[in-house]
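**Q** Take a look at the following structure, please.
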Amino acid sequence: MLIYASRTRRTKGKVLGENMKDELAELEEFEEVEKVGVSEKKEGNNMQQEQGSQGQAQRKGSRPDYRVLQPDTDANGKSMLRSVGAMWKSTTKDGREFYVMKIGELRLLVFPNNKQ
Numbered sequence: 028m029l030i031y032a033s034r035t036r037r038t039k040g041k042v043l044g045e046n047m048k049d050e051l052a053e054l055e056e057f058e059e060v061e062k063v064g065v066s067e068k069k070e071g072n073n074m075q076q077e078q079g080s081q082g083q084a085q086r087k088g089s090r091p092d093y094r095v096l097q098p099d100t101d102a103n104g105k106s107m108l109r110s111v112g113a114m115w116k117s118t119t120k121d122g123r124e125f126y127v128m129k130i131g132e133l134r135l136l137v138f139p140n141n142k143q
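See below:
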């Protein structure tokens, strides 16, 4: 997972006052920064919670049962499907089946509509 950090902002030939020049000097260019630490700790805690509450743990890197795709078009106008997420089948302690759907950072639980 990558995050972007803003370091400088450039203007296209615009004249800036002295205060603006000082502020721009403090900022730097956009740069890719790798996200580490907090995210990995959260994933580790989520794994322990999922093991306790679902009976079946979702292992990081396990193959999903379903892929979530979004229809899109490429630069040439050709139709294509873009992968945006995945779903894993799981079971609760009392034996009810459900799915965990992840789309980007969004995590959803999907249950069958059995109530009548």
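My numbering numbers the first residue of the sequence shown as 28 and each following residue consecutively.
No residue lacks a Cβ here, since even glycine has one placed at the ideal position from N, Cα and C.
All values reported here derive from a predicted model rather than from experimental measurement.
Nearest by alpha-carbon distance to SER110: which of ARG123, ILE130, GLY122, THR119 is it?
**A** Taking only the C-alpha atoms, the option nearest SER110 is ILE130.
**Q** Using only alpha-carbon positions, find the residue among GLY122, ASN140, SER117 that is nearest to PRO91.
**A** The residue with the shortest Cα to Cα distance from PRO91 is SER117.
**Q** Give me, in chain order, the residues of the same chain whose beta-carbon lies closer than 8 Å to that of LEU108; leave out the 5 immediate sequence neighbours on both sides.
**A** LEU96, GLN97, PRO98, ASP99.
**Q** Could you tell me which residues DSSP pairs with ALA102 in its beta bridges?
**A** In DSSP, ALA102 forms no bridge with anything.
**Q** State the start and end residues of the unbroken beta strand (DSSP E) segment that holds GLU132.
**A** Element bounds for GLU132: n/a, residue is neither H nor E.
**Q** May I have the straight-line CA-CA distance separating TRP115 from PHE125, to the nearest angstrom?
**A** Approximately 9 Å between the Cα atoms of the pair.
**Q** Compare the Cα-Cα distances from ARG94 to each of MET128, SER106, ALA113, LYS142 and report the closest residue.
**A** Cα-wise, what sits closest to ARG94 is ALA113.
**Q** How is ARG109 classed by DSSP in three states: helix, strand or coil?
**A** Reduced to three states, the DSSP call for ARG109 is strand.
**Q** By Cβ distance below 6 Å, which residues in the same chain neighbour GLU50 in space, the five residues on each side in sequence not counted?
**A** Only weak support is given to the placement of GLU50: the predicted model assigns it a pLDDT of 40, under 50, and the question is left unresolved by the model.
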